[in-house]
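These notes concern the structure reproduced below.
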Amino acid sequence: MTYRIAPSILAADFARLGDEVRAVAAAGADWIHFDVMDNHYVPNLTFGPMVCKALKPHAKTPEGMALPIDVHLMISPVDALAASFAEAGADLISFHPDASGHVHRSVQAITSKGVKAGLVFNPAEPLDVLDWVIEDIDLILIMSVNPGFGGQSFIDSALRKIEAARKRIEASGKDIRLEVDGGIKTDNIRQVADAGADTFVAGSAIFSQPDYKAVVDAMRAALR
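Residue numbering for the sequence shown follows the numbering used here, beginning at 5 and increasing consecutively.
Shown next as structure tokens:
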């Protein structure tokens, strides 16, 4: 299995976001994760499409290879802002089913822009909607904390949900990424991978440390 580490810029220094994106790209990040919040669906307000567009040129490896920008929308309604992020350069856009009046339409609003679409599930939210849309999506994101703020502790029951999501992916026969966001650290990333995850969002675990590469390398070592 190919594992991907996606640093969340929610935990970065907002005064120097371009530098921070370049730094985690140089440290070995696979994706750059945007946590987009509207002070409505969740009690926080972060950043919009203009920030995504401004940071897109910085999301490159030292060799110049572009890194995918992974946008997690914690907003309601979904469709209009999803289209704006697609136009701003997002490569993957995921949203919460309960934030959309029509999940199929929201998925189509994203994929019609040539962007990969994903669904996000809060800690206490069932996976039932996947019965109807798993053929249409490219990503499932399991929240292992309640969305809104960084630095929270991993909710252990998320492991069961990751296992359940992996079974659904395998039954679908599709190549769908299974991402986990919340409380991911060097000392639990292996356990999360063993449950079936292949993509890991890490915010404060990386950006709170002086050496980003050392953290990413330690996570990769744990995954091996």
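Cβ atoms here follow ideal geometry from the backbone N, Cα and C, with glycine treated the same way.
Beta-carbon proximity check, F204 vs V184, cutoff 9 Å: F204 places its beta carbon less than 9 Å from that of V184.
Best match in N126, L145, H108 and K120 for proximity to V137 [C-alpha to C-alpha]: Of N126, L145, H108 and K120, the residue nearest in Cα terms is H108.
V205, DSSP secondary structure in three states: In the displayed model, V205 falls within a strand according to three-state DSSP.
Residue(s) in a DSSP beta bridge with V40: The beta-bridge partner set that DSSP reports for V40 consists of L77.
Classification of L49 by the beta-carbon crowding that lies within 10 angstroms, buried from 16 upward: Counting C-beta atoms within 10 angstroms of its own C-beta, L49 has fewer than 16 neighbours from the protein chains shown and is therefore classed as exposed.
Rounded straight-line distance, which links the Cα of P53 to that of A92: Taking the straight line from one Cα to the other gives about 6 Å.
Cβ neighbours of P72 in the same chain (closer than 7 Å, five flanking residues each side left out): Cβ-Cβ distances below 7 Å link P72 to W35, D95 and L96 in the same chain, with the five nearest sequence neighbours on each side left out; the list follows chain order.
3-residue-minimum beta strand (DSSP E) runs that sit fully inside the stretch 169-218, ordered along the chain: Listed in chain order, they are 181-185 and 203-206.
Local Cβ density within 10 Å of A90, reported as buried at 16 or more and exposed below that: Classification for A90: buried.
Same chain, Cβ closer than 6 Å to A30, neighbours up to 5 away in sequence not counted: The beta carbon of A30 lies closer than 6 Å to those of P66 in the same chain, with the five residues before and after it left out.
Rounded C-alpha distance that separates D140 from M223: In a straight line, the C-alpha of D140 is about 31 Å away from that of M223.
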